[in-house]
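Residue numbers (my numbering), protein chains in the order written: chain W, 20 to 489; chain X, 176 to 481. No residue lacks a Cβ here, since even glycine has one placed at the ideal position from N, Cα and C. Comments concern the structure below.
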Amino acid sequence: MHKFRNFVSLTSILGVSALLTCPTVANDSLSQEELEKRLEEQQLLLERQSQLIEKQQMQLEELQRKIDNLSTKNSAGDTVTETTQTADSTEVNTETNAEIELAETEDPGPTPPGAEEAPTQASAQATGQQSDLNPNVTLVLLGGAQAGGAPDDEHKNTFFLQEAELGISAPVDPSTRAEAYISFPRDESPEVEEAYAQYSGLGNGLQLRGGIFRNEIGALNSTHSHALPQIDRPLNYTMFLGEEGTHTPGVELSYLLPVSWYSKATVSVSSRPNHHHHHEHGEEGEEEEEEFNLFPHSDHNNPLWVARWENMADLNDDTTLNLGLTHATSKIDSDTLKRSSLSGVDLTLKWHPAEDTYKEFVWRSEYLKAHQSFQNIPDTDHRDLGGWYSYISYRMNKSFRLGLRYEEADSPIIQDGKMKRTSAILEFIGNEWNSLRLQYNHNNPSWQKSYDEALLQWNVVIGPHGAHKY
Amino acid sequence: MRKSLLLSILILSIFCITSLVQAKEGLNVVVTTQDLADIVRNVGGNRVQVTTICRDGQDPHFVEVKPSYLRSLQKADAFIETGLSLEIGWAPSLLRSAGNTKIMPGNSNFLEASAGIKVLEVPTGKVDRTRGDAHPDGNPHYSLSPTNVKQMARTITAFLKRIDPAGAAQYDNGYTNYWKAIDAADKRWKAALKPYAGASIVTYHSTWIYFTNHFGLKVCGHIEPKPGVSPSSAQLNNLVANMQASHVKVIVAEPWFSKSIPTSLAKRTGCKYLTLPIQPGYIPGTSTYIQMMDYNVNSLVSALSK
Numbered sequence: 020m021h022k023f024r025n026f027v028s029l030t031s032i033l034g035v036s037a038l039l040t041c042p043t044v045a046n047d048s049l050s051q052e053e054l055e056k057r058l059e060e061q062q063l064l065l066e067r068q069s070q071l072i073e074k075q076q077m078q079l080e081e082l083q084r085k086i087d088n089l090s091t092k093n094s095a096g097d098t099v100t101e102t103t104q105t106a107d108s109t110e111v112n113t114e115t116n117a118e119i120e121l122a123e124t125e126d127p128g129p130t131p132p133g134a135e136e137a138p139t140q141a142s143a144q145a146t147g148q149q150s151d152l153n154p155n156v157t158l159v160l161l162g163g164a165q166a167g168g169a170p171d172d173e174h175k176n177t178f179f180l181q182e183a184e185l186g187i188s189a190p191v192d193p194s195t196r197a198e199a200y201i202s203f204p205r206d207e208s209p210e211v212e213e214a215y216a217q218y219s220g221l222g223n224g225l226q227l228r229g230g231i232f233r234n235e236i237g238a239l240n241s242t243h244s245h246a247l248p249q250i251d252r253p254l255n256y257t258m259f260l261g262e263e264g265t266h267t268p269g270v271e272l273s274y275l276l277p278v279s280w281y282s283k284a285t286v287s288v289s290s291r292p293n294h295h296h297h298h299e300h301g302e303e304g305e306e307e308e309e310e311f312n313l314f315p316h317s318d319h320n321n322p323l324w325v326a327r328w329e330n331m332a333d334l335n336d337d338t339t340l341n342l343g344l345t346h347a348t349s350k351i352d353s354d355t356l357k358r359s360s361l362s363g364v365d366l367t368l369k370w371h372p373a374e375d376t377y378k379e380f381v382w383r384s385e386y387l388k389a390h391q392s393f394q395n396i397p398d399t400d401h402r403d404l405g406g407w408y409s410y411i412s413y414r415m416n417k418s419f420r421l422g423l424r425y426e427e428a429d430s431p432i433i434q435d436g437k438m439k440r441t442s443a444i445l446e447f448i449g450n451e452w453n454s455l456r457l458q459y460n461h462n463n464p465s466w467q468k469s470y471d472e473a474l475l476q477w478n479v480v481i482g483p484h485g486a487h488k489y
Numbered sequence: 176m177r178k179s180l181l182l183s184i185l186i187l188s189i190f191c192i193t194s195l196v197q198a199k200e201g202l203n204v205v206v207t208t209q210d211l212a213d214i215v216r217n218v219g220g221n222r223v224q225v226t227t228i229c230r231d232g233q234d235p236h237f238v239e240v241k242p243s244y245l246r247s248l249q250k251a252d253a254f255i256e257t258g259l260s261l262e263i264g265w266a267p268s269l270l271r272s273a274g275n276t277k278i279m280p281g282n283s284n285f286l287e288a289s290a291g292i293k294v295l296e297v298p299t300g301k302v303d304r305t306r307g308d309a310h311p312d313g314n315p316h317y318s319l320s321p322t323n324v325k326q327m328a329r330t331i332t333a334f335l336k337r338i339d340p341a342g343a344a345q346y347d348n349g350y351t352n353y354w355k356a357i358d359a360a361d362k363r364w365k366a367a368l369k370p371y372a373g374a375s376i377v378t379y380h381s382t383w384i385y386f387t388n389h390f391g392l393k394v395c396g397h398i399e400p401k402p403g404v405s406p407s408s409a410q411l412n413n414l415v416a417n418m419q420a421s422h423v424k425v426i427v428a429e430p431w432f433s434k435s436i437p438t439s440l441a442k443r444t445g446c447k448y449l450t451l452p453i454q455p456g457y458i459p460g461t462s463t464y465i466q467m468m469d470y471n472v473n474s475l476v477s478a479l480s481k
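Written out as structure tokens, the structure is:
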């Protein structure tokens, strides 16, 4: 009942104050125009007051209903025990509290604001907690299982943790940002996959990056394992750049060209990958089978240059076409190898209708050509290796994605060897942070009998919303 | 080495040529959603050019970021977002990639439109993913209350006046006119819904709290047990029982949600299932905020009156 009286008095006070704030008599010296303006203002004021009263009346009615409810409950429940009555009244209490919480934004009125009213970042709805200054930490877990595989495959019919990736990122200052990704890969010691600072204060679409980063080679070298379109990297990447791709310490400049379509050029210079594949536990003396890499570590420290030019055009509202060109080159200067380079072209068609949040179709094809020029070898002065893949990926709805991939690549290890592979992928997406992929590969190498394998991957992410790559 | 040198020279020359051709016309404002676009267009009139990132009918939580947006952002004079983590999945990385420092969060020409809004459903306690995809800063769908739209217009007007002082008079004028238009429409909407004060509805996602709060309606429950989480059949049975107890007549869902669950729920309870837009432009004939709200209010009135 208290509240009821409060509302009545509040309403009357507001009414009276509205009357009091009206200037009583207009000055004779005012022009008609000004008078009209004042009249309009007063009318608006009056309207606001009546709105307020209307709203309060509604609240009043609501409260009255509740009181009625309560009294019917109480009178009907003469036989109920004391405890349930208390429970009832607490319920009503929380309800009223909730309503107080649901108070609306105050009507700002028709008078325009001053420029000084614009919120600065400091006054915006920041929580102001010290913990906001902690960097974002994200952990990606890629659990896996494999059935079947190549005759010499050590992962045949096993479970494993394909990779655990720890990502840490935060702004350094208003124009600099730092990110680091520590990878715990299967069978290998942990390594810094990426750790770089990005400076965007140059303006004009220029960005500078320094540190260890995945080189912008082709469409997929910069993509982390968990974000790949299939469980494994395509053959042309794994055969020429190693299982996990290339990441090197250096600097990179990217430039968003001011043309009518999206066009970005990236150039980086870095020190050559210092190979981690000399296994630390190789002390048994046996020579471990070493993975081929086009850009191996060398004593001469010749830099690796990478240039990528990416262009994207909207074919219509739902469809985009992306064309990428890559060239990477480095002097090697080893006993037999003079220079290595890799050139590539990739084409991606993406369809994503606006009215369906989840539906998406992607078709991507990419060709990579590796070129090695030799020295001190009598019969030959160079060799070229080629590899390509083409895949389609179709997300049907919130939960399912289907994919198909076909690829071919020349083997860098087996003379005139060629590997062909066909893959089918089914992905079940629980939500953004939890998905399961099943992939079936049919491998057809020219140098041995064909074999099949089935891969399973459980992709789990904890941490804040990660950056979505387009 | 010769090749890479040549390439660098080529890129450098492209840079020099293209930076000369950059033209400038009006104030380029990039906004994330259509409600913001409606406000900026009305306040700024012909002084501004508005680019909206969220396409018509797109769920603002999930936007497939197209690199072509980076072009608009690169030449933008200002960027306005809804805030309260609505665009968290895509706007930050988009702004980072665009490299236009002045419109990045924390800088002068970036605006979060939620300033001055009384935010509802701010979670208390620890927010982790056991709550589903909960918004840690509170419910971001505040533009469904006309009062909040007036406040947004006010914040945006102040912002535009700060970054473009020469246009102050036009912005002031635009603000007052927009305020009056919204205010008049609001009276109409309130009058139409007044007979149904206290009526309960069920919504798919927790999107409509600002709307129901403003118009004196009640939300009896959501189809999603937690934001972004699909319901189990036991949870649906529970919801049906609640709906029958509270005499719910209407189920409201946004266009992008599964149609099968609300349809079967409507069949089981005899409710009317309404697909209502939460942004202008989601369905034909609702390209302005007022048209969209007209549509929503009329649909609700006709469903509740049965």
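Is there at least one Cβ from chain X nearer than 8 Å to residue i's Cβ?
i, result
"residue 478/W", "no"
"residue 370/W", "no"
"residue 472/W", "no"
"residue 235/W", "no"
"residue 226/W", "yes"
"residue 10/W", "In the structure as shown, chain W begins at 20 and stops at 489. Residue 10/W is therefore absent and cannot be evaluated."
"residue 153/W", "no"
"residue 333/W", "yes"
"residue 55/W", "no"
Between which residues of its own chain and residue i is the CB-CB distance below 8 Å, once the five residues before and five after are set aside?
i, result
"residue 481/X", "424, 447"
Compare the C-alpha of residue i against each of the options and name the closest.
i, options, result
"residue 172/X", "127/W, 189/W, 215/W", "This structure leaves residue 172/X out entirely; chain X is present only between 176 and 481."
"residue 420/W", "248/W, 336/W, 73/W, 385/W", "248/W"
"residue 469/X", "356/X, 364/X, 433/X", "364/X"
"residue 334/W", "361/W, 369/W, 354/W, 314/W", "369/W"
"residue 178/W", "170/W, 477/W, 129/W", "477/W"
"residue 277/W", "300/X, 244/X, 271/X, 348/X", "244/X"
"residue 452/W", "429/W, 158/W, 64/W", "158/W"
"residue 475/W", "377/W, 207/W, 446/W, 464/W", "446/W"
"residue 224/W", "285/W, 371/W, 63/W, 385/W", "285/W"
"residue 225/X", "407/X, 261/X, 335/X", "335/X"
"residue 192/W", "397/W, 253/W, 154/W", "154/W"
"residue 214/X", "479/X, 462/X, 473/X, 475/X", "462/X"
"residue 164/W", "125/W, 205/W, 124/W", "205/W"
Interface residues of chain A around residue i at Cβ under 7 Å?
i, result
"residue 347/X", "Absence of chain A from the displayed structure is noted, the protein chains being W and X."
Using a Cβ-Cβ cut-off of 7 Å (strictly less than) and excluding sequence neighbours within five positions of residue i, which residues of its own chain qualify?
i, result
"residue 392/W", "357, 358, 400, 401"
"residue 280/W", "330, 331, 332"
"residue 403/X", "307, 308"
"residue 316/X", "382, 385, 453"
Pop quiz: residue i and residue j are said to be a contact at Cβ under 8 Å. What is the actual Cβ separation, rounded to whole angstroms?
i, j, result
"residue 78/W", "residue 274/X", "With 8 Å as the limit, residue 78/W and residue 274/X do not qualify as a contact, their Cβ atoms being about 50 Å apart."
"residue 255/W", "residue 387/W", "4 Å"
"residue 2/W", "residue 244/W", "A question about residue 2/W goes unanswered here, because the residues of chain W that appear run from 20 up to 489."
"residue 314/W", "residue 355/W", "Rounded, the Cβ-Cβ distance is 15 Å, inconsistent with contact."
Could you tell me whether any Cβ in chain W is nearer than 8 Å to the Cβ of residue i?
i, result
"residue 422/X", "no"
"residue 399/X", "no"
"residue 354/X", "yes"
"residue 207/X", "no"
"residue 431/X", "yes"
"residue 254/X", "no"
"residue 301/X", "no"
"residue 281/X", "yes"
Please return the same chain residues whose Cβ sits closer than 6 Å to the Cβ of residue i, not counting the five positions on each side in sequence.
i, result
"residue 339/X", "202"
"residue 199/W", "187, 214"
"residue 344/X", "none"
Inset, instruction - Would you be able to state if there are at least three C-beta pairs under 8 Å between the stretch 312 to 322 of chain W and the stretch 344 to 354 of chain W? - result: yes
Legend entry - Touch test, the stretch 250 to 257 of chain X against the stretch 283 to 299 of chain X, Cβ-Cβ under 8 Å, three pairs minimum: yes
Inset, instruction - Answer yes if the stretch 248 to 265 of chain W comes into contact with the stretch 209 to 222 of chain X, meaning at least three C-beta pairs across the two stretches below 8 Å, and no otherwise. - result: no
Inset, instruction - Decide yes or no for the touch test of the stretch 316 to 325 of chain X against the stretch 402 to 417 of chain X: beta carbon pairs closer than 8 Å, at least 3 of them. - result: no
Legend entry - Cβ contact check for the stretch 425 to 443 of chain X and the stretch 202 to 213 of chain X: 3 or more pairs under 8 Å: no
Legend entry - Inter-stretch contact at 8 Å, needing at least 3 Cβ pairs: the stretch 339 to 346 of chain W / the stretch 363 to 371 of chain W: yes
Inset, instruction - Would you be able to state if there are at least three C-beta pairs under 8 Å between the stretch 217 to 235 of chain W and the stretch 403 to 417 of chain W? - result: no
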